[in-house]
Each structure stands twice: as C-alpha cells, then as structure tokens.
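Below is one structure, written out as structure tokens; comments come after it.
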Amino acid sequence: MNWGQIHGHRARIGYTVAAVTTEVYPIDWYRIVPDGVSLMMITLPLGDRSEKDVEKCYAISIEAAHTMARAGADLVLLGGLPINISKGDDTVEGLMAKLESEIGVKMSCSALAQVRAFAALGSKKVAVVHPFLADQNPRHERTIADFFGLDPVGVHAGGSSLVALGTLAPQCALDWGRAAMAAHPEADTIYFGCPHWTVIDAIQPLEDEFGVNVMTSLQAIAWDAMRQTGVEDRIDGFGRLLKEF
Amino acid sequence: MYGYRARIGYCSPPVVTEVFVYEFYKMAPPGVTLLLTTLEVGLEYTQQAFDGSHDRSLEAAKYMAGAGADVVVLGGNPVNQSRGIENLPGICEDLSAEIGTKVVASTLCQKEAMEKLGVKKVASAHASGAQHNDRHAKQMENMGFESVGVTSLEGHKLLAYGKIPTEAAFDVAKQLKDAHPEADCIHLASAHWPTAHAIDRIENELGVSVMNSQQAIVWKAFRTAGITEPIEGFGRLFREF
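First to last, the protein sequences are chains C and R. In terms of my numbering, the first sequence opens at residue 1 and continues consecutively. In terms of my numbering, the second sequence opens at residue 1001 and continues consecutively.
Here's what the structure looks like:
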C-alpha cells in the first residue's frame, strides 16, 4: 500500500453502464487492468431495450459524461453500443468530439472502442456470439455489416436474458464460441457481444484452439480506455488485442 | 457463475460510484459478488436527491431480486435516515416481503456493527465539509450512540471522493483520537472514500474500534447472505463477529 496514492493513480475511467445493475463488468475489468487503473460507474435504466429506454439512456449518457468530468475522470467511455449508435451509425464520432469539447475530458464509447479493436486485429469475417435470444441475431448481423463494415458470417445466440447474465458460468462462452466456429469455420474473428456476462476466460483458449482472433466488448473497452489514457502495458491471458496492440 | 456463494445487491447513492466496488473486492472472498445500481446523490445533499435515491433504491431492489441477489442493501445513511430511523426496519421488512429477497439498510448495518463492537463514544470523520458536522453528529445520536466529535476532510466533493489519497483515513482518525481521547470508536462515515486499508492500522495504533460505513454494510450483507467466516485485515468487526 502506497499511502499517498489514490486507487486510480494511473488512470480513472468513467464508464456508463448500459444496464440497471452491473455485476460481472467490474469483476472482469479489475481482472484485466493493472493496479492503479480505476473504474467510475453510472448505471443506466436500460430495461427491455425498448426504443423509449434507449432514447432515455442516450440522454442520460450525455449528462453522465458531464458528471464524470466533474468527478475527475481521465477518460469518459459511454457504454452500450446500441445506445451509442441509436441516432445513426454516422453520428458517433461527432458526438464524441462535441462532448470532448464541452467537458474538457477525452471521450470514447463502446462502439468506437470496438471499431478500433477490430481494426487492430485486422478482422474481416466475424462470427458473433451473444448471450440473448435468437431474435437479437438480425440486430447483431446488421451492426457488424453496417456499422463495422465487416462480413457477418454467422450469429450464435446463447438464449439467456439481460436479468440472468450474472448467473452464466464461464463455460458458456467457451461452449458457444466453439459452436460458432463449428458452424462458421471461415470466420477469422469470434466476437462476443455485451460486456455484462463472463467471457474473458474463454478468449485465450478459443484463440489458441482455432487460431482466430477473439474480441469481446469488455476486452475492447478496457483496451481502448487504457490506450487512450496512456496505459500501454501489454497484458497476457486475455487475447491478442491486449497482448500485442 | 462468479457469485456462487452469494450475490450482494447494493443501491449506491452517489451518482458516480468508484471506491465502493474497488474495496468490496478487497474484502470479499471468492464466490461473493456485488450487483450495483447507482442512484442520484450528486454535488449537494438535498431532500430531493434523498427522495429520488430512495425511490430508485426500491426499483433497483426489485430488479436485483429478479436477477437473483441473495440480499439487497439500501445504501446511504443520509438517504436511509431521511425516511426516519424508526421506520427503517419496517421498510426493509415490507420490501423484503414484496421482492422475496432479504433487505438491509445502511443505517441499520452501521447501528448493528457498533452494537457488536460494544462502542459507546464515537468520533466521526467524513469528507463532505464542515457544514455537515452537525448532521453527522445528529445521525450518530439517532443511532443511539454518543457523538463526542466530528471532523471533515476539506476540499472533496462527493463526486470526487475517488481523489482522496489513501493516507487521509488514518491521518484524520489520528487527529480525531488526539482531539477526543475519550472516543472508543472512530467512525469513518460514507462508504465512498478509501478507508478499508486503514481500518486495522487505526485499531492497532490508536487503540479504538473502527466502524466504517462500507465495512459495516459489507459485513452485514455477508452475514445476512450466510458468509460467516472471519475475514482478516479489515478490523475487529469482520474478524470477531
């Protein structure tokens, strides 16, 4: 213990959590980041993902960026890709620039963190794994194709729900990743959407087993947040992204 | 799943939460997780913020119960006390019956912690500014303990509690004990500034019990959820009760 330091003595990252309550995210965050990188959170009332919920969360996210800046964050990262892009795929960078000039603190968001992560990894053909029902598959395919500009070779739905994400065992991500690769062996990247279920233990085993990239929302967000704030540590155990870029 | 032993729901009053989560995982044994919802207390402690936070706590508690929390903590001593301390047991019981999960309140956690520690004369340190000293003294008296002194760290708004250096907790505790040698307990008020690491040192070097809001909340939540083993490193409360 260095008694003269604050917990976030290297970087304090403000993050808006696109969920009413968060459980897995901070656990996995602190497993990934080095000592001295702390997480400041504001939870958002994203209930059933209705249009009204997303609209409300978009507005609160903007207000939250100002609050995080007042709280001394070194970077504010707006969570929730569907919220980030809800005003249109081409609005995200403009919003970040506008907020950055308003609050005087660096901005990022889940959507841009994942754009940068896909680019760093050189991904082209993406197999998506998400924990929700299959009715979410078209949304994921559309996002990969239209927002990220990549080829969505297939989507695997885990069949769970937002409220049950904390009950999923680490084995689920491993099994579902294997199922996605079995169905779509042409994929060069497995992408795990949603940072609120436990995925990070599956990253390295799947990269090793299939020789593909594995990119997850939380991994990309943590990576982008660190790199944007000058934390350049190469981190082992959670995939190429954190180890090589 | 991560929370295979217990999953603790916590309704966190500050609109931005940083330190609580960090220190929770210093204390929690493997298999115990935290479900967190942030509320509405920002730069000012207003009745409106307390009312809004209380209402959102009730909603969050329902959500947490639905997600499988084993116990839900209604956080925020000022938020809790704004409902009337005498009403808190009923609020917890009624909510528990409604959502089907155990419910505790921060104020009652702290009261029970001090009862377990057998303290009588409490000196409190907080970080919300000297203008809040009287409120802190009153809150302690409401809980049934003698407030022998209150002091505040200066220059830290609630939103910036994460910028309080870790040495501050011990330093302010020593100042308090020097100023109020009759105190048998140092109360580090608010669960959102860095204090967990200082508890043992204060108890050992100053010869007092320590009750810290975060420690008391986590302790009571663990015990309510059946996590009963002694935990070293965070004071007598966790070690002996």
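Note that CB positions come from ideal geometry on N, CA and C, so glycine has one too.
Is it right to say residue i is buried, meaning 16 or more other beta carbons lie within 10 angstroms of its own, or is it exposed?
i	result
C:Ser-161	exposed
C:Pro-26	buried
C:Gln-171	exposed
R:Thr-1107	buried
C:Thr-16	buried
C:Gly-80	buried
R:Pro-1014	buried
C:Leu-133	exposed
C:Gly-158	buried
C:Glu-23	buried
C:Asp-35	exposed
C:Arg-234	exposed
R:Glu-1242	Here chain R comprises residues numbered 1001 to 1241, so residue 1242 of chain R is not present and cannot be evaluated.
C:Asp-224	buried
R:Gly-1031	exposed
C:Asp-48	exposed
C:Lys-52	exposed
C:Pro-82	buried
For my contact list, residue i and residue j are in at a C-beta cut-off of 8 Å; report their separation, rounded to the angstrom.
i	j	result
C:Trp-3	R:Glu-1167	4 Å
C:His-196	C:Ala-19	6 Å
R:Tyr-1161	R:Val-1041	The pair is not a contact, with the Cβ atoms about 11 Å apart (cut-off 8 Å).
C:Leu-250	C:Leu-174	Nothing about residue 250 of chain C can be reported from this structure: the residues present for chain C run from 1 to 245 only.
C:Thr-229	C:Asp-28	Rounded, the Cβ-Cβ distance is 18 Å, inconsistent with contact.
R:Glu-1205	R:Arg-1236	Not quite, the Cβ-Cβ distance comes to about 14 Å (not below 8 Å), so this is no contact.
R:Leu-1176	R:Thr-1151	6 Å
C:Ala-222	C:Val-33	6 Å
Could you tell me the boundaries of the alpha helix (DSSP H) in which residue i lies?
i	result
C:Asn-84	81-84
R:Pro-1078	1077-1081
R:Glu-1232	No alpha helix (DSSP H) contains R:Glu-1232, which DSSP labels as neither H nor E.
C:Asp-246	Residue 246 of chain C is absent from the structure shown; chain C starts at 1 and stops at 245.
R:Ile-1227	That residue, R:Ile-1227, is in no alpha helix (DSSP H); it is neither H nor E in DSSP.
R:His-1054	1047-1067
C:Lys-87	Unbroken run through C:Lys-87: none, as it is neither H nor E.
For residue i, name the three-state secondary structure that DSSP assigns.
i	result
C:Phe-192	strand
R:Ala-1221	helix
C:Ser-257	Since the first and last residues shown for chain C are 1 and 245, residue 257 of chain C lies out of range.
C:Lys-243	helix
C:Ala-187	coil
R:His-1197	helix
C:Leu-150	coil
C:His-156	strand
C:Ala-202	helix
R:Ile-1186	strand
R:Pro-1014	strand
R:Tyr-1084	What sits at residue 1084 of chain R in the sequence shown is Gly, not Tyr. In the structure shown, R:Gly-1084 sits in coil (DSSP, three-state: anything other than H, G, I, E or B).
R:Gly-1149	strand
R:Lys-1120	coil
Just reading off the beta strand (DSSP E) that residue i is part of, what are its end residues?
i	result
C:Gly-14	11-17
C:Gly-211	Run containing C:Gly-211: none; DSSP gives neither H nor E here.
R:Val-1041	1032-1041
C:Thr-43	37-43
R:Met-1211	1209-1212
Going by C-alpha to C-alpha distance, which of the options sits closest to residue i?
i	options	result
R:Ala-1006	R:Glu-1059, R:Pro-1013 and R:Ala-1067	R:Ala-1067
R:Gly-1090	R:Val-1079, R:Arg-1056 and R:Val-1104	R:Val-1104
R:Met-1001	C:Ile-200, C:Thr-143 and C:Gly-239	C:Ile-200
R:Gly-1084	R:Ile-1202, R:Asn-1142 and R:Val-1172	R:Asn-1142
R:Tyr-1063	R:Glu-1098, R:His-1156 and R:Tyr-1045	R:Glu-1098
R:Glu-1086	R:Ile-1164, R:Lys-1111 and R:Lys-1102	R:Lys-1111
R:Phe-1234	R:His-1197, R:His-1180 and R:Ala-1221	R:His-1197
C:Val-54	C:Arg-31, C:Val-33, C:Leu-78 and C:Met-40	C:Leu-78
R:Pro-1078	R:Asp-1070, R:His-1136, R:Val-1119 and R:Ile-1199	R:His-1136
R:Ile-1008	R:Met-1211, R:Ala-1060 and R:Ser-1128	R:Ala-1060
R:Ala-1221	R:Arg-1056, R:His-1132 and R:Lys-1102	R:Lys-1102
R:Glu-1232	R:Pro-1029, R:Gly-1003 and R:Ser-1012	R:Pro-1029
C:Gly-122	C:Thr-189, C:Ile-6 and C:Thr-91	C:Thr-189
C:Leu-46	R:Arg-1201, R:Thr-1038 and R:Thr-1046	R:Thr-1038
C:Ile-62	C:Leu-95, C:Leu-39 and C:Glu-141	C:Leu-95
C:Leu-44	C:Phe-192, C:Tyr-58, C:His-184 and C:His-66	C:Tyr-58
R:Val-1122	R:Ala-1130, R:Ala-1113 and R:Gly-1129	R:Ala-1113
R:Glu-1093	R:Arg-1223, R:Ser-1124 and R:Leu-1058	R:Leu-1058
R:Lys-1157	R:Leu-1117, R:His-1192 and R:Val-1208	R:His-1192
R:Lys-1026	R:Gly-1226, R:Asp-1051, R:Arg-1223 and R:Trp-1219	R:Trp-1219
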